[in-house]
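Numbering (the working numbering), first residue to last: 10 to 311.
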């Protein structure tokens, strides 16, 4: 039986978007540039009190300050969506402090990637909330070409049918068709959560999206096998790997692909690679986590 997903309001021209930093501190000039580009795009960014914070350590404020910004954004009825500035490290330490009832009662579009995989997983496990693995303020919106507008508008504004495929870098490593709930994110964060109360719950057919940065072929091999050994792939019907340009250069790509197929040799579903979402230098594609998707050939669609 499919979960009943909690919908969140679509974004539109004039939508008020809370800008938050739930993890590491972002460069102020990049936040400012991203905010201005979002404003030019037609949104009204609302910078939360600790978005520009730069301590303690490498965090954007204490855990209590960062979670207070998130709670305030969800509680504010005038806010339509929440977009993170950057990832880094820090989201996981917010998980014990989050208020599930507040989020369930005030569903909002939550946007982020990388370290914020922890938050995506928590929103899914605890609230069955539809969230978005999509461009962030300082990391992507600050660049002239950082955001893929087609998938952003399709996923977050709903002005067209969302899909990704070969024009978005997708290639087949092992063919086949499948359908299921689109879940996943940064593979190292998903693996780190195994054995904790905040591991991703995959309790229905799933198309699992996995990406990362700075991860060598043997590390992909290790983490994919870790997911398999932990039973995390039991309900997974297909695996879509991200663009690997932030992990290896072209000369190492054959080894990385072989390592992934080796780790997934006992997984009998289709395996794709190259989807340009997450750790990208340009045109970051938006992924609607929690959506029910169908995979046919190289095309993934709602």
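Cβ atoms here follow ideal geometry from the backbone N, Cα and C, with glycine treated the same way.
Return the Cβ separation of residue i and residue j in integer angstroms, given the expectation that the two are a contact with Cβ distance under 8 Å.
| i | j | result |
| --- | --- | --- |
| residue 244 | residue 211 | 5 Å |
| residue 192 | residue 249 | Their Cβ separation, rounded to whole angstroms, is 11 Å, which puts residue 192 and residue 249 out of contact at 8 Å. |
| residue 112 | residue 90 | Actually they do not touch by this definition, with Cβ atoms about 13 Å apart. |
| residue 109 | residue 135 | 4 Å |
| residue 196 | residue 307 | At roughly 21 Å, the Cβ-Cβ gap does not stay under 8 Å, so residue 196 and residue 307 are not in contact. |
| residue 133 | residue 299 | 6 Å |
| residue 75 | residue 103 | 6 Å |
| residue 129 | residue 51 | Actually they are not in contact, since the Cβ atoms of residue 129 and residue 51 sit about 25 Å apart, beyond 8 Å. |
Does DSSP classify residue i as helix, strand or coil?
| i | result |
| --- | --- |
| residue 98 | coil |
| residue 301 | strand |
| residue 214 | coil |
| residue 26 | strand |
| residue 92 | strand |
| residue 219 | strand |
| residue 14 | coil |
| residue 206 | coil |
| residue 86 | coil |
| residue 106 | helix |
| residue 79 | helix |
Please classify residue i: is it buried, with 16 or more other beta-carbons within 10 angstroms of its beta-carbon, or exposed?
| i | result |
| --- | --- |
| residue 148 | buried |
| residue 286 | buried |
| residue 49 | exposed |
| residue 117 | buried |
| residue 227 | exposed |
| residue 24 | buried |
| residue 66 | exposed |
| residue 189 | buried |
| residue 271 | exposed |
| residue 30 | buried |
| residue 240 | exposed |
| residue 168 | exposed |
| residue 297 | buried |
| residue 164 | buried |
| residue 105 | exposed |
| residue 186 | exposed |
The beta strand (DSSP E) spanning residue i covers which residue range?
| i | result |
| --- | --- |
| residue 309 | 308–310 |
Closest Cβ-Cβ distance between residue i and chain D: below 8 Å?
| i | result |
| --- | --- |
| residue 43 | Absent here is chain D; the protein component of the structure consists of one chain. |
> Quick one: complete beta strand (DSSP E) runs, 3+ long, within the region 229–296?
Replying inline: 245–251 and 280–284
> What runs of the alpha helix (DSSP H), each 4 residues or longer, lie entirely inside the region 108–142?
Replying inline: 109–114 and 126–136
> Where in the region 141–201 do unbroken runs of the beta strand (DSSP E), each at least 3 residues long, occur, reported from the N-terminal end onward?
Replying inline: 180–183 and 187–195
> Which full runs of the alpha helix (DSSP H) of 4+ residues lie inside the region 30–69, going along the chain?
Replying inline: 37–50
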